[in-house]
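Heads up, the thing below is written out as structure tokens.
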Ligand code: NAD
Ligand code: MG
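Numbering (my numbering), first residue to last: 39 to 431.
Here is the structure:
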């Protein structure tokens, strides 16, 4: 039995993970679940999966969850706060941690899982963007196993040799080809992008996801964060990572080798595939995803990305090339900008302005201790909040 902790159990990835686990009760048991604010959903999950522990954001939420569980006769221990999140991620009673909290809030618990040598299934790309070096060091120094859940990185992982040593040259890898759907505004007239609503931005053509990553997909900041994520996961410099627009999202990414071979991983766009892959790795288990029928899809298209339509993608490449704390600044400013857009304070086209301004405002300390990262993250949030206040309509 693999004992699983899910950080962010009520989110899109968390729910998909529980869906896969429910298909294999003989192989997996749920040790702990966490949620931020959706207490009723978490209570329902605890009733079905009977975890030993559940963690929420604050005392009020914990009291409400405890009352719901008592009424249903569920004996899950209820805790709250960051220390408790780290504890369920690093407990000796768990083997595998699904890191599926959204944003910088996921960094601490994901790091705790890596430091405790767990099998870490990483959906929370922001953790790797903020502090990639520290995270990869924590994995290596503590013999943790890191498996990517992001569909592109999971695809690349599957297309690399089994004992890939984090060196593209040594493995004959010319390029990592990250596919991107282009999001809901791929073909919309650029002049009209300023007018789009949060509802339109969150309506992704192929994937159903949380609101933050949906907006990131519409700006293509998501792909930018994924370029940085690929850099850390696979030891690839920016020059070896190429973004290819592929609107059907059937090819989840590719690896191009020096002998001319290109390996791709294909499938229906459903996160249960990478989740099942990582849970069972190196074996395979059923995920509930329908088999791909290429004859029904018929056509696969590919385009180069337009950096003028998607300035956030260019900003992310800039941050990767700058290194140091630049990616943490990019990520923090983007979180503030996306929330301000979702709250209708700023327009869609303001998101890249907020991020660009923060990257100008906040110095790159070069060093990347966790204190440096968190300090520049705070400064970036302050800069972004100032720009939002100026742009707010
Ligand atoms: P979501 O918004 O649906 O869920 C987020 C989860 O995090 C929820 O369970 C929520 O309770 C928890 N959470 C939110 N804020 C928190 C905080 N401050 N402290 C503790 N917990 C908090 O998001 P999602 O779409 O499931 O995405 C989760 C992560 O996975 C993100 O980093 C995203 O980039 C990544 N990811 C998602 C998908 C997808 O298809 N949804 C694909 C690839 C990668
Ligand atoms: Mg992805």
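Beta carbons: idealized from backbone N, C-alpha and C, even for Gly.
The structure displayed is predicted, hence computed values, not measured ones.
In the assembly as shown, residue 49 is a buried residue. Its beta-carbon has 16 or more other beta-carbons within 10 Å. Secondary structure of residue 43 (DSSP, three-state): strand. Where residue 191 is concerned, the enclosing alpha helix (DSSP H) starts and stops at 189 to 197. Counting only unbroken stretches of 4 or more residues, the alpha helix (DSSP H) elements lying wholly within the region 340 to 376 are 349 to 360, in sequence order. Here residue 55 carries a helix assignment [DSSP, helix/strand/coil].
In the DSSP secondary-structure assignment, residue 66 is bridged to 40. Put simply, the backbone Cα of residue 346 is about 9 Å away from that of residue 228. In the three-state scheme derived from DSSP, where H, G and I count as helix and E and B as strand, residue 400 is classed as coil.
For residue 297, the number of other beta carbons within 10 angstroms of its own is below 16, and it is reported as exposed. By the neighbour-count definition (other C-beta atoms within 10 Å, threshold 16), residue 164 is a buried residue. Every residue whose Cβ sits closer than 6 Å to any heavy atom of the ligand MG is listed here in chain order: 188, 189, 190, 264. The bridge partners DSSP lists for residue 186 are 160. The three-state secondary structure of residue 217, taken from DSSP, is strand. Relative to the ligand NAD, residue 163 has its C-beta within less than 6 Å of a heavy atom. In this structure the region 288 to 297 does not touch the region 414 to 423; the number of beta carbon pairs closer than 8 Å is below three. In the DSSP assignment, residue 429 falls within the alpha helix (DSSP H) that extends over 408 to 429.
Comparing C-alpha distances from residue 76 to each of 94, 90, 66 shows the shortest one belongs to 94. Put simply, the region 77 to 86 does not touch the region 164 to 183. Fewer than three CB pairs are less than 8 Å apart.
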